[in-house]
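Heads up, the thing below is written out as structure tokens.
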Ligand code: GRF
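Residue numbers (the numbering used here): 1375 to 1585.
Written out as structure tokens, the structure reads:
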């Protein structure tokens, strides 16, 4: 099935770019009618436009969280969006926003990528915190979004090693490479099966989806 994705970003946009490149090379059956950034300076906006994608800035400065979300929802309502894909979107979404994307099984059709093996190291500095902690193994998690930060049902996880002589930069770039493979692969599974099937699989198998 061809799915319509809205991608929300705040910065560099490398995950967004990996998704757009995978769509372009037919690895994901998806369209991206809109990319939205809360940061007007985000490099992601420039990159999205290079892919011919409609990319809009909706600045959150000087307005309430509710008003910002109202404006984002207004933009999203102009497109027929199946899933909201967070790709380095540095803002929490309120329950009122999430309700707009509730599916019949009670999941929200909102997906996030986080650069750790959740529930370890939630928050904005996961690579740094995992590295500083001295983990031997870290990873990348793709999960459904719920009301709590970096929470929600895990759709996919992949681990990667931290070597004894690693620098933070090497550790991060190893993780980022996995992010760029795992997010497109997971979105293609969602295009093929939907999130409810993936979620049910997880519940019945007590395993994450094999990717
Ligand atoms: C990624 O590490 C992602 O996992 C996290 O924020 C970072 C965004 O990077 N949520 P980019 O904007 O996709 O390059």
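Note that beta-carbon positions come from the ideal geometry of N, C-alpha and C, so glycine has one too. Everything numeric in this text was worked out from a predicted model, so none of it was measured.
For residue j and residue i, the rounded distance between their alpha carbons
{"i": "residue 1610", "j": "residue 1483", "result": "Nothing can be reported for residue 1610, as the shown portion of the chain is limited to 1375 through 1585."}
{"i": "residue 1512", "j": "residue 1426", "result": "35 angstroms"}
{"i": "residue 1387", "j": "residue 1443", "result": "20 angstroms"}
{"i": "residue 1518", "j": "residue 1478", "result": "15 angstroms"}
{"i": "residue 1470", "j": "residue 1514", "result": "27 angstroms"}
{"i": "residue 1580", "j": "residue 1416", "result": "Any reading at residue 1580 must be qualified, since the residue scores a pLDDT of 47, below 50, and its modelled position is unreliable; the value itself is stated next. Cα-Cα distance, rounded: 38 angstroms."}
{"i": "residue 1435", "j": "residue 1445", "result": "13 angstroms"}
{"i": "residue 1397", "j": "residue 1509", "result": "34 angstroms"}
{"i": "residue 1406", "j": "residue 1441", "result": "24 angstroms"}
{"i": "residue 1551", "j": "residue 1448", "result": "34 angstroms"}
{"i": "residue 1382", "j": "residue 1457", "result": "11 angstroms"}
{"i": "residue 1547", "j": "residue 1534", "result": "11 angstroms"}
{"i": "residue 1491", "j": "residue 1455", "result": "28 angstroms"}
{"i": "residue 1400", "j": "residue 1560", "result": "14 angstroms"}
{"i": "residue 1410", "j": "residue 1394", "result": "14 angstroms"}
{"i": "residue 1428", "j": "residue 1421", "result": "11 angstroms"}
{"i": "residue 1481", "j": "residue 1516", "result": "15 angstroms"}
{"i": "residue 1572", "j": "residue 1414", "result": "34 angstroms"}
{"i": "residue 1528", "j": "residue 1538", "result": "29 angstroms"}
Residue i vs residue j beta-carbon contact at 9 angstroms
{"i": "residue 1367", "j": "residue 1467", "result": "Nothing can be reported for residue 1367: it is not among the residues displayed for the chain, which extend from 1375 to 1585."}
{"i": "residue 1507", "j": "residue 1542", "result": "no"}
{"i": "residue 1562", "j": "residue 1403", "result": "yes"}
{"i": "residue 1496", "j": "residue 1540", "result": "no"}
{"i": "residue 1486", "j": "residue 1526", "result": "yes"}
{"i": "residue 1553", "j": "residue 1489", "result": "yes"}
{"i": "residue 1549", "j": "residue 1462", "result": "no"}
{"i": "residue 1375", "j": "residue 1565", "result": "yes"}
{"i": "residue 1453", "j": "residue 1378", "result": "yes"}
{"i": "residue 1545", "j": "residue 1505", "result": "yes"}
{"i": "residue 1423", "j": "residue 1465", "result": "no"}
CB-CB length for residue i against residue j, believed under 8 angstroms
{"i": "residue 1556", "j": "residue 1536", "result": "So it is not a contact: roughly 18 angstroms between Cβ atoms."}
{"i": "residue 1344", "j": "residue 1558", "result": "In this structure the chain extends from 1375 to 1585, so residue 1344 is not present and cannot be described."}
{"i": "residue 1380", "j": "residue 1430", "result": "Not confirmed; about 10 angstroms, so no contact."}
{"i": "residue 1472", "j": "residue 1521", "result": "7 angstroms"}
{"i": "residue 1412", "j": "residue 1437", "result": "11 angstroms between Cβ atoms; not a contact."}
Point to revise | Segments assigned beta strand (DSSP E), at least 3 residues, entirely inside the region 1390–1429 | key: 1404–1411
Point to revise | Completely contained alpha helix (DSSP H) runs for the region 1433–1508, where each covers 4 or more residues | key: 1439–1450, 1469–1473 and 1500–1507
Check your understanding: If you scan the region 1505–1573 from start to end, which runs of the beta strand (DSSP E) of 3 or more residues do you find wholly inside it?
Key -> Those beta strand (DSSP E) runs which fall completely within the region 1505–1573 and span 3+ residues are 1511–1518 and 1528–1535.
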